[in-house]
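**Student:**
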Amino acid sequence: MPFLEPKPEALRPATRPQGPAHDRVPDRQASGTPEPLRSELCALLGADKVLTKISDLVKYASDASPYRFVPQVVVVAEDLDDISAILSYAHGKSREVVFRAAGTSLNGQAQGEDILVDVRRHWAGVEVIGDGAQARIGPGTTVLRANATLARHGRVLGPDPASAIACTVGGVVANNASGMTAGTTRNSYRTVASLTFVLPTGTVVDTADPDADAQLAHAEPALCAGLLSIKREIEADQELTARIRAKYEIKNTNGYRLDAFLDGTTPVEILRGLMVGSEGTFGFISEVVFDTLPLDRRVTTGLLFFPSLPAAAAAVPLFNAAGALAVELMDGNTLRASTSVAGVPADWARLPKSTAALLVEFRAPDETRQEAYEAAAAEVVEGLDLVAPVASVTNAFTRDPKTIGGYWKARKAFVTAVGGSRPSGTTLITEDFAVPPSRLADACAALLELQTRHGFDAAVAGHAAHGNLHFLLAFDAGLPADVERYAAFMDEFCALTVERFDGSLKAEHATGRNIAPFLELEWGPKATELMWRTKQVIDPDGVLAPRVVLDRDPKAHLRGLKTIPKVELIADPCIECGFCEPTCPSEDLTTTPRQRIVLRREMMRQAAGSPVEDGLIEAYGYDAVDTCAGDSTCKLACPVGIDTGALMKDFRHARHSPREEKAAALAARNFKAVETAARLAVAAADRISDRLLTSVTRAARRAVRPDLVPEWLPDIPGAAARTLPRTTRVGASAVYYPACVNRIFGSPGDRSLPEAVVALSTRAGRPVWIPDDVTGTCCATIWHSKGYDEGNAVMANRIVEAAWGWTAGGRLPLVVDASSCTLGIAHEVVPYLTEDNRQLHRELTVVDSLVWAADELLPQLTVHRTVGSAVLHPTCSMSHLGDEAQLRTLAEVCADEVVVPDDAGCCAFAGDRGMLHKELTESATRKEAAEVTARPFDAHLSANRMCEVGMDHATGRAYYSVLLELERATRP
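The sequence shown begins at 107 in my numbering and counts up by one.
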């Protein structure tokens, strides 16, 4: 065991609810996947594709729904051969299979109790066909990622769910999710051109293949005959045919798409329709070809406030008639809760509870059409009785992208923002239904009355243009009385929707576990039995996702409801939506932010010292704490700002021994000597072979601790110069603070980064001054990222006191040349400052060198030469600071072509974490590196030295600061 191995006991919950939870994972599952399932799947697929630890099973047991089912095993499938092998195994062993991609489903579709197959990790990719009119997309690709590629061609996908940042195309198609603008004409059912899918038997069908029907008839004759028989039966029943057509005049994802039997003429065409919205119960969708839609870039949006929900609902048909693409409804609870989202006006918290708002958007291809839409909108507004209860309400339409973005951010955060403000310890249910748009006002009033009568604090939002409403219910799944209250509400709600409004019990979230018992209520016995027959024809052995769409148990929606134990305050609001996951550097290596919280909650459900808790604690150190990059990009993606990175840093601190904390504080107090020694060590390393250094550091890691001793990488740059450029304080426009990383490590090329910054500033007539005593100071990120609180406090206070003196009490800006250090000094040091130093900090103006160069220097510079192409790596710190635009601005004056990879994200090098756990950076950068190395570039640019080193390691290309390239481009 390493000399300083942390004790797992430090991660054990200090407090927990009285007694274990009724839905805790039982002790018999503590050993993970049972035999022979474990050994058989490992032999079949390879051990690296089979996840068997109890922590693996628990982290996959939750999705964005109120349900929780622990699988027996998780398989990470890489290709169609794996899928076919799994299905064949399941048939032979009478087992069940559920496919899971993003896990953003709201009704438990991504959960299984037997074999759960991860079809996200290896299934991403976008191929634009022709001029972009079509796109071939892998099921593990997020909607946001697909649209990023399509946007370059002026195209977009039809479905636009609010969870686009995280939900995958496979899940969108499998649930027929639509979103804000899709309605019934732009959803997957209407815009999917072709599918490739694997049937439960392992038969692969490509619906675009001209011979697909012949091949299917040969491979699956009984299936073909069964589908055609159901088709004939439906078509012979005029009343049923009319009913089916009527049901899809409004949004409806409840049950199977019976209109596929009317729209398709052959078995393959019928299957193409049935697969959409089948929720993984008919097969695995391995590829989707979409007919894309024009991306109308001219946008006009208004956020209009009404005195009540019925008043807002009554205005919806008017905006529909005016040509609005989106009309979104938000009630008072939704509006107030959204103030937790950055950018939403704080005074919305004071809105009356009865207030409602409509977010109305028009999109046009040109100025003429945009003006026409704006005139129509103004005419509608003229006749409305709008209110302005708080100062920020304008009730005006705008073209300003920032304002529009804020409106949409508030709207899209409905589930997570409202859910995040629910009482601690409560489970969240998200319901979704549709009524004819003309009945929307009545439906709102009836819903509010029903929620109030059952004791629920209502929150309502939805796609009002399409009569589609969403609402949330919070209750404690650990209290039988609360579960009974939820059950009584559901009985009345479903009856109300069907019998009074002839509505859809699921408009776009798909049936799932919570509406399956009510399927027959909506569709009637004849249509429901046809759905059961369809399932029998396609999956006669019931291998795929049983009980997800069809379930004869009238209480099925009450089974598996998950408790939400209280966890650490910073993470407690989490509703496990999964929005954080695509941004997380460790997503494909160990755990995601959601999974870190899910695992923590399971610890809280357990009795202290239970075998399950022991297993979770044992894995948590590496899987959750050590391999968290600590970049906090999860906070940016989370609508309620949960910073799981900060929680992991707290856990790192908890694992430190007093000796470690004292050593870290001593290093901070003597950082001048530490910095000098580090630079000398790097210089000495230049004369020693990489192979020897790697061997020595690996041995030290084994002896001391892998999370303390970095591993030497061949990509580590050489030492910086011993001295910084000479500057003078007299006449300086700013104080320039070269970060310690740029004082220790050198830069490529003929000039160092400090030399480049000084030269650029002088050239632009905005000279900078480097203080003589910067050596021995630091932004404190070294200590902050590792959870060394005492050392962090020492350095945080030192740098603020020094910066205040250097800048003459804040009269000059402090320019910092590494984005992570800018973030550290500007924001992250604050909680560790004394009260006096917090006052000093408030007087400082901390400016990133990118902003300094783009805003202050560039207007005064002349470009003399450019390179042909440059690829950029925006860092996570730039995302926090909002500096990505400046990086691009600078690059665009240096290069004729500038590319930001669609898969650009945090490199996870995180100072030295990429040397402590190089597998983290390799995993985090895999997709971005593939884009970068797919073609040559003349320059590889960023603005943080260690991130550049991480990208060097990932791509084999030499990254350097954009300021070095700017200096070269403007050099006379």
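By construction, the Cβ of each residue, glycine as well, lies at the ideal position given by its N, Cα and C atoms.
Per the contact definition of three or more C-beta pairs closer than 8 Å, is the stretch 916-925 in contact with the stretch 818-834?
**Tutor:** no
**Student:** Which of helix, strand or coil does DSSP assign to Trp638?
**Tutor:** helix
**Student:** Three or more beta-carbon pairs under 8 Å between the stretch 664-678 and the stretch 986-1000, yes or no?
**Tutor:** no
**Student:** Is it right to say Pro265 is buried, meaning 16 or more other beta carbons lie within 10 angstroms of its own, or is it exposed?
**Tutor:** Around the beta carbon of Pro265, 16 or more other beta carbons sit within 10 angstroms, so the residue counts as buried.
**Student:** Am I right that Gly438 and Ala418 are in contact with their C-beta atoms under 8 Å? What's the rounded C-beta distance?
**Tutor:** The pair is not a contact, with the Cβ atoms about 11 Å apart (cut-off 8 Å).
**Student:** Evaluate Ile794 with the Cβ neighbour count: other Cβ atoms within 10 Å of its Cβ, from every protein chain shown; 16 or more gives buried, anything less gives exposed.
**Tutor:** exposed
**Student:** Considering only their Cβ atoms, is the gap separating Thr440 from Ala567 smaller than 7 Å?
**Tutor:** yes
**Student:** If you follow the beta strand (DSSP E) that Thr536 is in, where does it begin and where does it stop?
**Tutor:** 533-540
**Student:** Using the rule of at least 16 other Cβ atoms within 10 Å of the residue's Cβ for burial, across every protein chain shown, is Thr981 buried or exposed?
**Tutor:** buried
**Student:** Exposed or buried, what is Ser763 when buried is set at 16 or more other beta-carbons lying within 10 Å of its beta-carbon?
**Tutor:** Under this definition Ser763 is an exposed residue.
**Student:** What's the call for Arg456, buried or exposed, on a 16-neighbour Cβ count within 10 Å?
**Tutor:** exposed
**Student:** Could you tell me the boundaries of the alpha helix (DSSP H) in which Gly1017 lies?
**Tutor:** Per DSSP, Gly1017 belongs to no alpha helix (DSSP H) and is neither H nor E.
**Student:** To the nearest angstrom, how far is the alpha carbon of Ile350 from that of Asp365?
**Tutor:** So the two alpha carbons sit approximately 6 Å from each other.
**Student:** Out of Ser190, Tyr173, Arg174, point me to the one whose CA is closest to Val181's CA.
**Tutor:** Ser190
**Student:** With a threshold of 16 other CB atoms inside 10 Å of the CB of Leu695, please say whether the residue is buried or exposed.
**Tutor:** By the 10 Å Cβ count, Leu695 comes out buried.
**Student:** Residues bridged to Asp312 by DSSP?
**Tutor:** Thr302
**Student:** Near Thr634, what residues of its chain come up, given a Cβ to Cβ distance below 8 Å and the 5 sequence neighbours on each side ignored?
**Tutor:** Gly361, Leu625, Glu626
**Student:** Give the C-beta separation of Ala838 and Arg785 to the nearest angstrom, bearing in mind that I take them to be a contact with Cβ-Cβ under 8 Å.
**Tutor:** The Cβ separation is near 26 Å, so there is no contact.
**Student:** Assign Asn213 to one of three DSSP states: helix, strand, or coil.
**Tutor:** coil
**Student:** Which residue spans inside the stretch 365-426 form an unbroken beta strand (DSSP E) run of at least 3?
**Tutor:** 390-397, 404-412
**Student:** From which residue to which residue does the alpha helix (DSSP H) around Ala348 run?
**Tutor:** 344-353
**Student:** If distances are taken between C-alpha atoms only, which option among Val176, Ala230, Asp237 comes closest to Leu250?
**Tutor:** Ala230
**Student:** Does the stretch 743-753 touch the stretch 880-887, meaning 3 or more C-beta pairs lie closer than 8 Å?
**Tutor:** no
**Student:** Pull up the distance between the alpha-carbon of Leu722 and that of Thr698, whole angstroms please.
**Tutor:** Roughly 15 Å between the two C-alpha positions.
**Student:** DSSP three-state call for Asn574: helix, strand or coil?
**Tutor:** strand
**Student:** In the DSSP assignment, what residue or residues form a beta bridge with Thr139?
**Tutor:** Thr139 has no beta-bridge partner at all, per DSSP.
**Student:** Taking the alpha helix (DSSP H) that Val1068 belongs to, which residues open and close that run?
**Tutor:** 1068-1076
**Student:** Considering only the beta carbon of each residue, do Leu222 and Val204 sit closer than 7 Å?
**Tutor:** yes
**Student:** I'd like to know whether the C-beta atoms of Val395 and Ser294 end up nearer to each other than 7 Å.
**Tutor:** No. Outside cutoff.
**Student:** Could you tell me if Leu156 is buried or exposed, where buried requires 16 or more neighbouring beta carbons within 10 angstroms of its beta carbon?
**Tutor:** Residue 156 is actually Val in this sequence, not Leu. Its Cβ being crowded by 16 or more others within 10 Å, Val156 is buried.
**Student:** Please state the DSSP three-state secondary structure of Met286.
**Tutor:** coil
**Student:** For Ala976, report the span of its beta strand (DSSP E) as first-last.
**Tutor:** 973-978
**Student:** Counting along the chain, where does the beta strand (DSSP E) carrying Ala462 start and finish?
**Tutor:** Element bounds for Ala462: 462-470.
**Student:** Does the stretch 264-280 come within contact of the stretch 324-336, defined as at least 3 CB pairs closer than 8 Å?
**Tutor:** no
**Student:** Helix, strand or coil: how does DSSP classify Val203 here?
**Tutor:** strand
**Student:** Does the stretch 302-320 come into contact with the stretch 266-283, if we say contact requires no fewer than three beta-carbon pairs (one atom in each stretch) closer than 8 Å?
**Tutor:** no
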